[in-house]
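A.B. asks: This is the structure I have questions about; it appears just below.
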Amino acid sequence: MTFTGTEVPEQTGYLIINEDGGVVSSGGDLENDEHAASVIMNMLNLIEKSTMSPTENKEPFKRLSIQYDDHLYIVMVSNKKIHVVKRNYVPAEPVEA
Amino acid sequence: MEKPLDRCLDEVFNTPGVTGVLCADAQGLCLSSKGTAHPRAAGVITSLMKQAAQLEPTADNLPVLRLESESCNILIQGKSEITLAVYKTPE
Amino acid sequence: MAEEMKKYLHEIMSQIDGIHAVLITDRDGVPVLKAATESAPELALRPGFLTTVGMATDQAGKLGMGKSQRIACIYGKYQVIHFNRFPLMVSMIASSTANTGMLLGLEAELSSLVQDLKAAVDVI
Chain A
1 MTFTGTEVPE QTGYLIINED GGVVSSGGDL ENDEHAASVI MNMLNLIEKS TMSPTENKEP
61 FKRLSIQYDD HLYIVMVSNK KIHVVKRNYV PAEPVEA
Chain B
98 MEKPLDRCLD EVFNTPGVTG VLCADAQGLC LSSKGTAHPR AAGVITSLMK QAAQLEPTAD
158 NLPVLRLESE SCNILIQGKS EITLAVYKTP E
Chain C
189 MAEEMKKYLH EIMSQIDGIH AVLITDRDGV PVLKAATESA PELALRPGFL TTVGMATDQA
249 GKLGMGKSQR IACIYGKYQV IHFNRFPLMV SMIASSTANT GMLLGLEAEL SSLVQDLKAA
309 VDVI
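Protein chains in written order, with our numbering: chain A, 1 to 97; chain B, 98 to 188; chain C, 189 to 312.
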């Protein structure tokens, strides 16, 4: 199934980046956003080599989220490609009893 | 001199689910750390925050970063000169 | 072989913004391996400057807290980080805005390279 970038609810943009940092496809707010791609690649490179992991065996990370007040970016690595989705953040309303 | 900071970090550390907490300065040096957060991580944490700030330079606030892995989530936020990282077990 | 090591040093340097030079020297400041960018301040690459750290390390060892392992000096425009790997010394010169924590973290990455050089120096 090809990623068309419309699967995620409230999505406003997407990017697919290959291992070298080149943008494979993009859409919405992130259309042709080379700057975002390079910033996210730099962050992933830092995480890959990091001494941050609390566990003895450095387990690979699953997902990185970058959250602002009303929107967020979600970054995942799958199949040697980096998938970035930008979507609106709607905080859950507290449930009235 | 660091008592107020330590008290603050203790409060966070004693929250259920939190396994480690780390506070770093603008130079990437660890001000204080507790639990599973290793002081060595201070450099990377600050660096990540600096990078994230470049993603949207015009945003009002710095974003909150969340690094998820199998056994641990690391939440990172910076404000002016300080970066804070909280290590939590996934819900 | 020295070329490969220099390349490795340059690769490590590219990981952190603001690093100007990495030098591995003996206690007299004589360079064993040197990798520097054009922005490295010339004076800081000379043995005369680097040897002062050897003396500082020795003095620091007399403070009653054991041997000095690392020294970080942050100046106005530059910062200099030294790792004591007797009989060698690793010195890193970077801009004062570079991430000191990350620079200190490089010790682990450079450790295998320094071990190899140590073995070579010991033989002489």
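Positions of the beta carbon are idealized from the N, C-alpha and C atoms, including for glycine.
Run down chain B in chain order and give the residues with a C-beta less than 8 Å from the C-beta of asparagine 88/A.
C.D. replies: The premise fails here: asparagine 88/A is roughly 14 Å from chain B at the closest Cβ pair, so nothing lies under 8 Å.
A.B. asks: For the pair the region 197 to 208 of chain C and the region 270 to 287 of chain C, tell me if three or more CB-CB distances fall below 8 Å.
C.D. replies: Yes, since at least three Cβ pairs between the region 197 to 208 of chain C and the region 270 to 287 of chain C fall closer than 8 Å, the two stretches touch.
A.B. asks: Measuring straight from C-alpha to C-alpha, what distance separates serine 144/B and isoleucine 66/A?
C.D. replies: Their backbone Cα atoms lie some 14 Å apart in a straight line.
A.B. asks: Assess contact between the region 21 to 39 of chain A and the region 109 to 121 of chain B, defined as three or more Cβ pairs (one per stretch) separated by less than 8 Å. Is contact present?
C.D. replies: As far as the Cβ criterion goes, the region 21 to 39 of chain A does not touch the region 109 to 121 of chain B, which means the pair count is below three.
A.B. asks: Leaving aside the five residues before and after methionine 1/A along the sequence, list all residues of the same chain whose C-beta is less than 8 Å from its C-beta, in chain order.
C.D. replies: Note that methionine 1/A has pLDDT 38, beneath the 50 cutoff, so the model's placement of it is unreliable and no number is given.
A.B. asks: List the residues of chain B that leucine 292/C touches, going by C-beta distances under 7 Å, in chain order.
C.D. replies: Here the neighbours are Gly140.
A.B. asks: I'd like to know whether the C-beta of threonine 213/C is nearer than 8 Å to at least one C-beta of chain B.
C.D. replies: Chain B, which has no Cβ nearer than 8 Å to the Cβ of threonine 213/C, makes this no.
A.B. asks: List, in order along the chain, the chain B residues whose C-beta lies closer than 8 Å to that of lysine 80/A?
C.D. replies: None at all; the shortest Cβ gap to chain B is about 19 Å.
A.B. asks: Can you give the Cα-Cα distance for alanine 308/C and valine 218/C, rounded to whole angstroms?
C.D. replies: Whole-angstrom Cα-Cα distance: 15 Å.
A.B. asks: Valine 241/C by DSSP, collapsed to three states: which one?
C.D. replies: The answer is helix: DSSP assigns valine 241/C an H, G or I state.
A.B. asks: Would you say alanine 36/A faces chain B, with C-beta separation under 8 Å as the test?
C.D. replies: True, the Cβ-Cβ gap to chain B drops below 8 Å.
A.B. asks: For a test of the three-state rule: what should DSSP assign to histidine 208/C, helix, strand or coil?
C.D. replies: In this structure, histidine 208/C counts as strand in the three-state DSSP scheme.
A.B. asks: With a cut-off of 8 Å, does the C-beta of threonine 180/B fall near any C-beta of chain C?
C.D. replies: So no, threonine 180/B is outside the interface.
A.B. asks: Just verifying my parser: in three-state terms, what is the DSSP assignment at aspartate 214/C?
C.D. replies: It is a strand residue.
A.B. asks: Is the distance from the Cβ of valine 172/A to the Cβ of leucine 15/A below 8 Å?
C.D. replies: With chain A covering only 1 through 97, there is no way to say anything about residue 172/A.
A.B. asks: Any Cβ of chain B within less than 8 Å of the Cβ of isoleucine 200/C?
C.D. replies: With 8 Å as the cut-off, isoleucine 200/C does not count as an interface residue toward chain B.
A.B. asks: Against chain E, with Cβ distances strictly below 8 Å, would threonine 288/C count as a contact?
C.D. replies: The structure shown contains no chain E; its protein chains are A, B and C.
A.B. asks: With distances taken between CB atoms, is the gap from serine 50/A to valine 109/B smaller than 8 Å?
C.D. replies: The answer is no: Cβ separation not under 8 Å.
A.B. asks: Could you list which residues in chain B have their beta carbon closer than 7 Å to that of valine 39/A, in chain order?
C.D. replies: Per Cβ cutoff of 7 Å: Gln148, Gln151 and Leu152.
A.B. asks: Mind listing the chain A neighbours of glutamate 165/B? Cutoff is C-beta to C-beta under 8 Å, in chain order.
C.D. replies: What glutamate 165/B touches in chain A: Phe61, Lys62, Arg63, Leu64 and Ser65.
A.B. asks: List, in order along the chain, the chain A residues whose C-beta lies closer than 8 Å to that of asparagine 111/B?
C.D. replies: In chain order: nothing, as chain A lies at least about 18 Å away.
A.B. asks: Is the Cβ of tyrosine 68/A closer than 8 Å to any Cβ of chain B?
C.D. replies: Closer than 8 Å to some Cβ of chain B, the Cβ of tyrosine 68/A qualifies, so yes.
A.B. asks: Checking contacts by CB at 8 Å: is leucine 128/B closer than that to chain A?
C.D. replies: So, not an interface residue.
A.B. asks: Please list, in chain order, all residues of the same chain as aspartate 157/B whose beta carbon is under 6 Å from its beta carbon, the five residues on each side excluded.
C.D. replies: Contacts found: none.
A.B. asks: Taking C-beta pairs closer than 8 Å, name the residues in chain B that asparagine 42/A reaches, listed in chain order.
C.D. replies: Result: Gln148.
A.B. asks: Methionine 277/C: which of Thr225/C, Gln247/C, Glu226/C and Leu305/C sits nearest, CA to CA?
C.D. replies: Measuring from the Cα of methionine 277/C, the nearest candidate turns out to be Leu305/C.
A.B. asks: Residues in the same chain with beta-carbon distance under 8 Å from histidine 71/A, minus the five sequence neighbours each way, listed in chain order, please.
C.D. replies: Within the same chain, histidine 71/A has close Cβ partners Thr12, Lys86, Arg87, Asn88 and Tyr89.
A.B. asks: Mark isoleucine 262/C as exposed unless 16 or more other C-beta atoms lie within 10 angstroms of its C-beta, in which case mark it buried.
C.D. replies: When all chains shown are included, isoleucine 262/C counts as exposed.
A.B. asks: Near lysine 80/A, what residues of its chain come up, given a Cβ to Cβ distance below 6 Å and the 5 sequence neighbours on each side ignored?
C.D. replies: For lysine 80/A, where only same-chain residues beyond five positions count, the Cβ hits under 6 Å are Glu19.
A.B. asks: Please give me, in chain order, every unbroken run of the beta strand (DSSP E) with length at least 3 that falls completely inside the region 98 to 143 of chain B.
C.D. replies: Correct list: 115 to 121 and 127 to 132.
A.B. asks: Any heavy atom of the ligand NAD closer than 7 Å to the beta-carbon of glutamate 48/A?
C.D. replies: In the structure shown, the ligand NAD is absent, as is every other ligand, since no ligand is present at all.
A.B. asks: Since isoleucine 259/C sits in a beta bridge, which residues does DSSP pair it with?
C.D. replies: DSSP lists His270/C as partners of isoleucine 259/C.
A.B. asks: Between glutamine 174/B and chain C, is there a C-beta pair that is closer than 8 Å?
C.D. replies: Not one chain C Cβ lies under 8 Å of glutamine 174/B.
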